[in-house]
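Residue numbers (the numbering used here): 31 to 347.
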């Protein structure tokens, strides 16, 4: 379980909650490569009574077939629309004000539709704001949490935008989501062991996109993974899922081969596994492996089963 909650993110949460009563529509910016993992459940709870436009950013880096699945998945939800875009494509951005008006419904003729833009750090939120405004309003960068405070801007189409700082949530319960977020660069490389992220990501890519992975790194084969027997598993602490077993491929062996081909072969035949991790993650983030999506709607875990005591506590809240 990955957990943190910096002070500025706690402040942002309060600001969002205070501003929401005056908001007509929420835009949630998601990474098209991981639309489930890049959706903040805390924001979903805060905005559950507002119509939402899901913007799947970086669609040019995502698998178009999987993106179509995600758009259909979100469009099927009540008071929700989805739009997959590249945030620097002006033609695609022009669709957003119209969708906001459709979601808002009847709004007084003498005021704009008020739209709050939300998203976790580093999903392209500030690039979207700047594109809609036609000028640089929000600071952009490839590091998480660039935006530090709320910003307001009026755009064409009678829409007033409120930008908010990127907000992560106190605990990422789903370990698979934590690794996908780390692979995409949405959270800092120091948040989870860097090499572990690359090992698990390479196994996932071997499962989902074997042709792209083997072609990019000229791999002769994708080694399968054999899970350790129960007696060999360290039982200390909470049991963690074996992601290599789930994927079915040996990410460590794949990463070693990538490293040996990309400057990670040291004197004496020693392989620098960290070099392989750098190559894989940097090239994945830059789109050099092709248009890839790290999850589908079918990967969304089922909701936890509530016991009678939980239900009673919620009904009393």
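Backbone N, C-alpha and C fix where the C-beta goes; we use that ideal spot for every residue, glycine too. Quantities reported herein were computed from a predicted structural model and do not represent experimental measurements.
query                                                                                                  : result
Residue 79 versus residue 135: straight-line alpha-carbon distance, rounded                            : 14 Å
Of the listed residues 278, 44, 209, nearest to residue 227 (C-alpha basis)                            : 209
Reduced DSSP category for residue 222 - H, G, I as helix; E, B as strand; rest coil                    : coil
Pair within 8 Å by beta-carbon distance, residue 257 and residue 275                                   : yes
Contacting residues, own chain, Cβ-Cβ under 7 Å from residue 225 (five flanking each side not counted) : 303, 304, 307
Residue 67 (DSSP reduced to helix, strand or coil)                                                     : coil
Where residue 259 falls, given that 16 or more other Cβ within 10 Å makes a residue buried             : exposed
Reduced DSSP secondary structure (H/G/I, E/B, other) of residue 145                                    : strand
DSSP-derived helix/strand/coil call for residue 227                                                    : helix
Those residues which DSSP pairs with residue 87 across a bridge                                        : 61
Distance between residue 318 and residue 298 (C-alpha atoms, nearest Å)                                : 31 Å
Cβ-based neighbour list, residue 313, same chain, cut-off 8 Å, excluding 5 preceding and 5 following   : 246, 319
For residue 207 and residue 59, the rounded distance between their alpha carbons                       : 16 Å
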